[in-house]
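Under the numbering used here, the first residue of the sequence shown is numbered 109, with each subsequent residue one higher. Even for Gly, the Cβ is constructed at its ideal location relative to N, Cα and C. Since this is a predicted model, take the numbers as computed values, not measurements.
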Amino acid sequence: MKITPQEALLRCIEHREIFHDEMLHLFRQIMSGEMSPTMVAALTVGLRVKKETIGEITAAAQVMREFSTKVPMADTTHLLDIVGTGGDGANTFNISSASMFVAAAAGARVAKHGGRSVSSSSGSADLIEALGAHIDLKPEQIAQSIAQTGIGFMFAPNHHAAMKHVAPVRRELGVRSIFNILGPLTNPAGAPNILMGVFHPDLVGIQVRVLQRLGAQHALVVWGRDNMDEVSLGAGTLVGELVDGEIREYEIHPEDFGMSMIASRNLKVADTAESKLRVMEALRGEPGPATDIVALNAGTALYAAGVASSIEDGLAKARAAITSGAAMAKLEQFVSVTRQLGGQA
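See the structure below:
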C-alpha cells in the first residue's frame, strides 16, 4: 500500500498506526532521498510523539537492511552482535566493545556494528581506533577479519550510506527518534544472535519482538534499572529473551551470579582515553568493577551466541578467557590483523 508522507503525518497526529506495507513505502522514500527534509523531520517527530509500534519499527529496519552494504558471511554459526542503542546518559566506558574481545576469546564470533560517539563519552569506533585497530575496512576485509580473529568491526557510516539523507535532519532536531533504535537492528553481517542494550525499559519488550519478526535466532535485549544499556552490576536488569521463536521476559540481579553490587558511577569515564584505560584494565583482569562488568556482559553474550548454556556458564567461560590472557591476546590479534588488512601494518 502506498501512502503519502502527509497522510502518514496525519496518522501520527491522530495516534493511529502506519501499516507494514505503508511503512516500507515511506522508508524507501526516506532512504532513497525522495522525501523532502521537512517531511522527514515531521514524520520523525510525529512517530516519536505517537510512539513507534513494533510493526512500524520492523518495517523501517527491513528497509534499512535493504539499503545497507552487507558483509558477505557464508557461515553465521555462533555469530553475534553486542550493541547498545546508546542514549542512556550513563557515560560509562565501552563495556560492549571490551566484552567483544572476551566473548571472541571464549569461542563466539562477533560482528560488531558501531559508530562514533553521539551522546556518550566515547563511541565504539572511537575506542576501537584508540586501541590501534583499523576501522575503515571493506566488507570482504571485515569477513576476512572475522574468519581470522573471530571479530569484525563494521563502521556504521560505511554500511549505511542512505542515512546521509537523514543525517542533517537528525542533527538539527537533536532529539531521540526511530533512527536511534534502528541501528542495532541492522547488522550488515546478518548476525543471527544479539545482545542488545536499550535506553528505556519499554524498549526491552518492543525490540525483542521486532527481532522476533526480523527472524533473529537468539536475542537478549537488556536494560539496567540504574538506567544502563548493558547488563548492570548496580541494579536489577530487565531481560527480553528470544530463543527458538519464543519470548521470555524476566529480571536478573548481580547476586544471582555471586557478584557484588557496584554503583554505575564507578564505571563512568570522561573521554575515549579514559575508556581505553578501563578496557585494558578489564582485559588484563585487574580486580575491580571494570573487570566484573565486562565478564558479566561477555558471559551474557556467550549465552546469546550459543557458546554457553546459560549466563552463569558464559560468565565462567568469560572469566577463564580473561585470567588465561586469551582476551588480551585476542585484542592484540585483532589490532594486528585489521592493520594488515587495511594496509597499515
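Alpha-carbon to alpha-carbon, residue j and residue i
i, j, result
"M271", "L375", "32 Å"
"A116", "H186", "40 Å"
"S285", "G450", "34 Å"
"I355", "V318", "11 Å"
"G313", "K159", "14 Å"
"Y411", "E125", "35 Å"
"E440", "T446", "10 Å"
"A149", "Q137", "13 Å"
"P300", "I370", "32 Å"
"M388", "I250", "23 Å"
"A206", "I419", "17 Å"
"A297", "Q315", "19 Å"
"L151", "L132", "14 Å"
"A167", "A429", "39 Å"
"D334", "H326", "25 Å"
"D421", "G291", "29 Å"
"M109", "L134", "10 Å"
"A437", "V443", "10 Å"
"M304", "V339", "10 Å"
"L118", "E174", "27 Å"
"I121", "E382", "44 Å"
CB contact flag (residue i, residue j, <8 Å)
i, j, result
"A212", "T257", "yes"
"P145", "P276", "yes"
"V347", "A216", "no"
"G172", "H273", "For the sequence presented, residue 172 should be read as Met rather than Gly. No, these two residues do not count as a Cβ contact at 8 Å."
"I302", "V179", "no"
"K220", "D189", "yes"
"F365", "L404", "yes"
"Q241", "F263", "Residue identity check: residue 241 is Ala in the sequence provided, not Gln. Against a cut-off of 8 Å, the Cβ pair of F263 and A241 comes out as no contact."
"A214", "K425", "yes"
"V210", "A435", "yes"
"N266", "L235", "no"
"E142", "I111", "no"
Residue i in three-state terms, based on DSSP
i, result
"M131", "helix"
"L322", "coil"
"L245", "coil"
"F175", "coil"
"K110", "coil"
"F442", "helix"
"G154", "helix"
"I190", "strand"
"E389", "helix"
"E394", "coil"
"H273", "helix"
"R217", "strand"
"G451", "coil"
"L281", "helix"
"K425", "helix"
"T185", "coil"
"I360", "strand"
"K384", "helix"
"T257", "helix"
"E125", "coil"
"M367", "coil"
"T345", "strand"
"L328", "strand"
"N202", "coil"
"G433", "coil"
CB-CB length for residue i against residue j, believed under 8 Å
i, j, result
"I259", "M181", "The Cβ separation is near 13 Å, so there is no contact."
"S232", "S253", "The Cβ separation is near 15 Å, so there is no contact."
"I360", "G344", "7 Å"
"A238", "T380", "5 Å"
"L281", "Q320", "In fact, because the Cβ distance is near 30 Å, the residues do not count as touching under 8 Å."
Nearest to residue i (by Cα), restricted to the options the options
i, options, result
"I165", "M336, P265 and F127", "F127"
"V153", "K438, A324, L293 and F287", "F287"
"I225", "A219, G197, A251 and A241", "Note that residue 225 is Ser in the sequence shown, not Ile. Cα-wise, what sits closest to S225 is G197."
"I289", "D129, L155, A435 and G141", "L155"
"P309", "W331, S176 and Y411", "W331"
"L293", "A169, G353, L423 and Q325", "A169"
"G194", "V306, H221 and P265", "V306"
"R328", "R373, A251 and G407", "For clarity, residue 328 is Leu in the given sequence; the question names Arg instead. Ranking the options by Cα distance to L328, first place goes to G407."
"S140", "S176, G366 and A324", "S176"
"T200", "Q325, L281, L151 and M336", "M336"
"L311", "E280, R279, E357 and N295", "E357"
"S368", "I401, R386, G353 and E382", "I401"
"R278", "G433, Q452 and M147", "M147"
"N162", "L322, D352, G222 and V218", "Reading off the sequence, residue 162 comes out as Ile, not Asn. Cα-wise, what sits closest to I162 is L322."
"P397", "R373, A409 and A378", "R373"
Any non-hydrogen atom of the ligand SAM within 7 Å of residue i CB
i, result
"P247", "The ligand SAM is not among the ligands present in this structure, which contains no ligands whatsoever."
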